[in-house]
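A short worksheet on the structure shown next.
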Amino acid sequence: MSDSKINIGNYFEDFKLNEKIIHPLPRTISDGDVSLYIALTGSRFALNSSVEMAKTMGYKDRPIDDILLFHIVFGKSVIDISINAIANLGYAEVIFPTPVFVGDTVRLESTIIGLKENSNGKSGNVYVHSQGYNQHNELILSFKRWVMVHKKDVSVQAGIHEIPTMESIVPVNNKLNIPLVEMIDIRQTGNAYFWEDYVKGERLDHPEGMTIDNSDHTLATKLYQNNAKLHFDDHMMKSEKVGQRLMYGGHVISICRSISFNGLGNALWLYAINSGTHANPTFGGDTLYCYSEVLDIIEHERKDIGLLRLRTIGLKNITPKEVSQPRNEENKYHPYVVLDLDYTVIIPRRIQSI
Amino acid sequence: MSDSKINIGNYFEDFKLNEKIIHPLPRTISDGDVSLYIALTGSRFALNSSVEMAKTMGYKDRPIDDILLFHIVFGKSVIDISINAIANLGYAEVIFPTPVFVGDTVRLESTIIGLKENSNGKSGNVYVHSQGYNQHNELILSFKRWVMVHKKDVSVQAGIHEIPTMESIVPVNNKLNIPLVEMIDIRQTGNAYFWEDYVKGERLDHPEGMTIDNSDHTLATKLYQNNAKLHFDDHMMKSEKVGQRLMYGGHVISICRSISFNGLGNALWLYAINSGTHANPTFGGDTLYCYSEVLDIIEHERKDIGLLRLRTIGLKNITPKEVSQPRNEENKYHPYVVLDLDYTVIIPRRIQSI
Amino acid sequence: MSDSKINIGNYFEDFKLNEKIIHPLPRTISDGDVSLYIALTGSRFALNSSVEMAKTMGYKDRPIDDILLFHIVFGKSVIDISINAIANLGYAEVIFPTPVFVGDTVRLESTIIGLKENSNGKSGNVYVHSQGYNQHNELILSFKRWVMVHKKDVSVQAGIHEIPTMESIVPVNNKLNIPLVEMIDIRQTGNAYFWEDYVKGERLDHPEGMTIDNSDHTLATKLYQNNAKLHFDDHMMKSEKVGQRLMYGGHVISICRSISFNGLGNALWLYAINSGTHANPTFGGDTLYCYSEVLDIIEHERKDIGLLRLRTIGLKNITPKEVSQPRNEENKYHPYVVLDLDYTVIIPRRIQSI
């Protein structure tokens, strides 16, 4: 009896600074993935829904939803980076430099950019820069994340303490891989508001709620070939403190983005995720809501589009109207806050402003 | 804090007679939608299942299932018409004039054809004629429906009372957009019965039952980008009388159509839905059954096909054998009746009759 | 009122020895099916995931996963063969002679190769040889199975006792319809082990568990257009001894194959299923695990690949580490054993060995 062929993933000691990891499992993205993503999230952003609209805008086809792309590509890193993670601590510098279309095949590579052993000696933080490519070797996704990973041998202290610097807000790129927006038909997008209409500090209480059952979030996570056990193995989780399967945090992001359509329907592109925190766990049966704050109004040198830096707060089983702040007086997240996402979207300007 | 950008939909006073509404969100229908529809309903009608069979019949590809098409197109009207509806009161004159294929992009426009303020002054009925088009501007779906919608301001009486006339049975069109049926291979369709075999008054007790879980019906409804909250938001629905998410009535129609395959497997096309009533609500966990009555045998001037007007009664948690009539002695639907659908199908005649 | 048009399937007396049955419902396999299969199983075998990898290996496209193909084709036989089955007794000689791709349309024919009336006179065993074809009439799947089927009339004894001979292990075919393997990039497949690395008698305890909810397995089974009622009709099953819907045994095979990726990731092709037993029922909510034993190391005359005969034991709600043998001292399966599958996979040899 031998388990030597079983991949148990990497522990803190297994990572080396500046090491490059080529993650397995290239994946061709298909129309099936696009339809499943709509079924799993109810997403209504017009650019990802209509080939005709995408062509009118200058695309060859409707581009893949940025967050669907993120999940499919991100999923590849789990086996090497986070299968033994205690916690996903954060994301930064998530960008989507090249649009991806049905038929494209995506893959992922990562570099270990930081390692910090924790003072308790039992675990360490691993900082990773991951870069996804299409079949033409164009960079289609780049992100940094850091996770707390178990050590295999707690008796040995590595004493390593290399923390990389990361941007707290992704700087705006003057070259955007987006066709010139000559016209946005608000009768197609379902939303009448453009870049000029948003005000710094404005808050949007998105009115829709969406209950997520266990089948929903596990179907989504399996679609992404993300094999983190805590999302799938209810038998194992019953012996853990939470007592049940945890929803993949990425699905929470997807649902909040989908709900944010009502109020942000013309925010057709994700420019960047600046940072993200899964403040509390989400479980099957929870109903998700969210509200968004406009953190910043960012002008772009292109005059057809502008950017909005947003903070979307995901909530479970409580409506936005009932929540004024995500944190309590002690600066801790309320137990019903499940997501605190700082991201930047691209949104057309009014046509008359071109 | 401002919610001015949130689309809260239309209230009774917001609708104007003869007003035309262009609904947002054009949608490209893909192979992913086709597969999901099979997974969500178990549908077995051969024409929608096999490209080879469709080509043999003269199609360029397998056409999209009529009811799948209906749901995707119908879903676009929810935000403008029925998001504030108290009740969906009825459908009429639902027709499918042009086949739709994978890759087609569909959109929807509506005209307000009637408005009737209710005597209690709190709500009104809105009558809508909706027309769906493909990317070639061909009419692919036309339907009328009427919904009871809340008023915003109950103190003002509009006194409007314009009720349109509607056909109770869709008249038969002599020009059908269906290839000449030269042969139907019953070894492919799985059913040996043709138009001549059905008898007016005949009843078919379809033997299969299908239990629908919450994930099933919410995945279906999200696939259709139908954002009516009562199907998704269990948190909200817990404070309502029904206490849980309601299944989208359209999914009940899909399941009944799928179950009707056993007995009506050669009824490959929906010609029209004449009228439909969702007699009682359906919830996750309910098992659906149905039976069909042949209301009429309709000859067509084409000799390769004929029409059957059917009444399919959808049931929950009771088999057709146990049900003789959908209504009780007071002419009210039994609590286990969930659908009363009057529709007309197209079915080939025996080849020798051509 | 007449139910004569309802197909109630075949009973034991309805089958004739050497009878040929053409099963209905040809089916075009699409990208939607491929994505759904990944979502339903979490499958990570690289050849079915990446068009680019498949093309590098000499395929025109990524081939359809063998077990997905099996389910879609097998599903067609249910209405004719097993809708009145008391039990699915076994499979044998399951082979996949020709790869199938997106866009192919598959169909199924069967021959009755054996009939054995049971001594109690109430039922009989039906032995079937089923052969699936693509639109070019190439054999894409062949399998034998036998099922115990109810008799219609228990008073008449047919006295038939014709049992066919079947191979207990599928003999190795020297001609394999697989491109010459010039290189396997283990950074793509995620697994470093080749044919030479496996040892007869070796056991692999696959570490992952997967909880299957009712929506998951019913979506899968509906996707395959398999209409066996006991998987769908919870209302009916509540009056049966098991008290709930049974999971389609084929879905258990899929989940175990998916879990076996960790340890067998380079076993890209199923050569054959030699035999299979669904030892105990599986229900929604069960967590599936499995382990695999290497029964045999089989050399092939081609030097780029070899074969492994495997026995995968599927478990519910217990991890492989806790299970030493699938059967107890009385040679009966433990109640937590749900699958005993004897199958042969094709796996590349190390490149240096070519």
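Those sequence lines, one after another, are chains A, B and C.
Note that the numbering used here numbers the first sequence so that position 204 is 204, with each residue one more than the last.
If you want the numbering used here, it's the 1-based position in the second sequence plus 1000.
If you want the numbering used here, it's the 1-based position in the third sequence plus 2000.
All residues carry an ideal CB built from backbone N, CA and C; glycine is no exception.
If you're wondering where the values come from, they're calculated on a predicted model, not measured in any experiment.
Residue i in three-state terms, based on DSSP
| i | result |
| --- | --- |
| Gln131 (chain A) | strand |
| Ile1391 (chain B) | Summary: the structure shown does not reach residue 1391 (chain B), with chain B confined to residues 1001 through 1354, and so no result is reported for it. |
| Glu2052 (chain C) | helix |
| Glu202 (chain A) | coil |
| Asp1296 (chain B) | strand |
| Ile1064 (chain B) | coil |
| Ser1254 (chain B) | helix |
| Asn1274 (chain B) | strand |
| Asp1342 (chain B) | strand |
| Glu322 (chain A) | helix |
| Leu2017 (chain C) | coil |
| His2217 (chain C) | helix |
| Ser1004 (chain B) | coil |
| Val154 (chain A) | coil |
Candidates the options: closest to residue i by CA position
| i | options | result |
| --- | --- | --- |
| His23 (chain A) | C:Ala2046, C:Pro2063 and C:Ile2318 | C:Ala2046 |
| Asn118 (chain A) | A:Gly103, A:Ile95, A:Asp80 and A:Gln157 | A:Gln157 |
| Ile2178 (chain C) | C:Ile2113, C:Asp2066 and C:Arg2027 | C:Asp2066 |
| Val106 (chain A) | A:Ser30, A:Ile38 and A:Ser49 | A:Ser30 |
| Arg349 (chain A) | A:Gln225, A:Lys332 and A:Asn191 | A:Asn191 |
| Val172 (chain A) | A:Lys16, A:Glu93 and A:Ile8 | A:Glu93 |
| Phe74 (chain A) | A:Phe15, A:Leu141 and A:Leu36 | A:Leu141 |
| Ile2346 (chain C) | C:Phe2070, C:Val2181 and C:Thr2056 | C:Val2181 |
| Leu295 (chain A) | A:Asn280, A:Tyr343 and A:Met57 | A:Tyr343 |
| His71 (chain A) | A:Asn7, A:Asp286 and A:Gly249 | A:Gly249 |
| Thr1041 (chain B) | B:Thr1211, B:Thr1056 and B:Ala1228 | B:Thr1211 |
| Asn2227 (chain C) | C:Thr2056, C:Ser2082, C:Ile2038 and C:Ser2239 | C:Ser2082 |
| Asn7 (chain A) | A:Ser43, A:Met148, A:Arg62 and A:Asn84 | A:Asn84 |
| Tyr1336 (chain B) | B:Arg1309, B:Ala1279 and B:Leu1308 | B:Ala1279 |
Contacting residues, own chain, Cβ-Cβ under 7 Å from residue i (five flanking each side not counted)
| i | result |
| --- | --- |
| Ile214 (chain A) | For the record, residue 214 (chain A) in the displayed sequence is Asn; it is not Ile. The residues are Arg245 and Gly284. |
| Pro1207 (chain B) | Asn1262 |
| Ile1354 (chain B) | For Ile1354 (chain B), the predicted model reports a pLDDT of 40, less than 50, meaning its position is unreliable; a value from the coordinates is still stated below. So the list reads Lys1303 and Asp1304, once near-sequence residues are dropped. |
| His2129 (chain C) | Ser2110, Thr2111, Ile2113 and Lys2144 |
| Asn2266 (chain C) | Ile2184, Thr2189, Asn2191, Tyr2193, Phe2194, Ile2347 and Pro2348 |
Neighbouring residues, chain C, relative to residue i (Cβ below 8 Å)
| i | result |
| --- | --- |
| Tyr1193 (chain B) | Lys2005 |
| Thr1211 (chain B) | Asn2214, Thr2218, Phe2232, Asp2233, Asp2234, His2235 and Arg2245 |
| Asn1317 (chain B) | His2235 |
Contact list for residue i against chain A, beta-carbon separation under 9 Å
| i | result |
| --- | --- |
| Asn1227 (chain B) | Gly42, Arg44, Glu208, Phe261 and Asn262 |
| Ile1140 (chain B) | Ordered by position in chain A, no residue passes the 9 Å Cβ test against Ile1140 (chain B), which lies about 14 Å from the chain. |
| Ile1072 (chain B) | Within chain A, no residue comes near Ile1072 (chain B); the closest Cβ sits about 10 Å away, beyond 9 Å. |
Listed by chain order, chain B residues near residue i by CB distance under 7 Å
| i | result |
| --- | --- |
| Gln2135 (chain C) | Glu1052 |
| Ser2035 (chain C) | Gly1032 |
| Arg187 (chain A) | Ile1022 and Pro1024 |
Proximal chain A residues relative to residue i, where beta-carbon distance stays under 7 Å
| i | result |
| --- | --- |
| Arg1062 (chain B) | Residues of chain A passing the Cβ test: none, with the nearest at roughly 15 Å. |
Cβ-based neighbour list, residue i, same chain, cut-off 8 Å, excluding 5 preceding and 5 following
| i | result |
| --- | --- |
| Tyr1091 (chain B) | Phe1143, Lys1144, Arg1145, Ile1273, Ser1275 and Gly1276 |
| Ser2324 (chain C) | none |
| Ile2064 (chain C) | Ile2029, Asp2033, Val2034, Asn2048, Pro2099, Val2100, Phe2101, Val2102 and Asp2104 |
| Asp1153 (chain B) | Glu1013 |
| Phe1232 (chain B) | Thr1218, Thr1221, Lys1222 and Arg1245 |
| Leu2288 (chain C) | Gly2209, Met2210, Thr2211, Ile2212, Val2252, Ile2255, Cys2256, Ile2259, Thr2282, Gly2314, Leu2315, Lys2316 and Val2338 |
| Glu2167 (chain C) | Ala2092, Glu2093 and Asn2274 |
| Leu1139 (chain B) | Pro1097, Thr1098, Gln1131, Gly1132 and Tyr1133 |
| Glu2196 (chain C) | Gly2306, Arg2349, Arg2350 and Ser2353 |
Chain C residues whose Cβ lies nearer than 9 Å to that of residue i
| i | result |
| --- | --- |
| Thr1344 (chain B) | None at all; the shortest Cβ gap to chain C is about 18 Å. |
Under 7 Å from the C-beta of residue i: neighbouring residues of chain C
| i | result |
| --- | --- |
| Gly1190 (chain B) | Pro2024, Leu2025 and Ile2079 |
Interface residues of chain B facing residue i [CB-CB closer than 8 Å]
| i | result |
| --- | --- |
| Leu308 (chain A) | Residues of chain B passing the Cβ test: none, with the nearest at roughly 12 Å. |
Nearest-angstrom beta carbon gap, residue j and residue i [assumed within contact, 8 Å]
| i | j | result |
| --- | --- | --- |
| Glu1951 (chain C) | Lys2122 (chain C) | Residue 1951 (chain C) lies beyond the stretch modelled for chain C, which goes from 2001 to 2354, so this question has no answer here. |
| Glu1301 (chain B) | Asn1174 (chain B) | 5 Å |
Same chain, Cβ closer than 6 Å to residue i, five either side skipped, listed in chain order
| i | result |
| --- | --- |
| Met2001 (chain C) | Caution is warranted here: a pLDDT of 43 is assigned to Met2001 (chain C), below 50, making its placement in the model unreliable, and the coordinate value is therefore given only provisionally. Once the five neighbours on either side are set aside, Met2001 (chain C) has no close Cβ partner at all. |
| Ile2021 (chain C) | Asp2080 and Ser2110 |
### Query
For the stretch 2087–2109 of chain C, which residues have a beta carbon sitting closer than 7 Å to at least one beta carbon of chain F?
Absent from the structure: chain F. Protein chains present are A, B and C.
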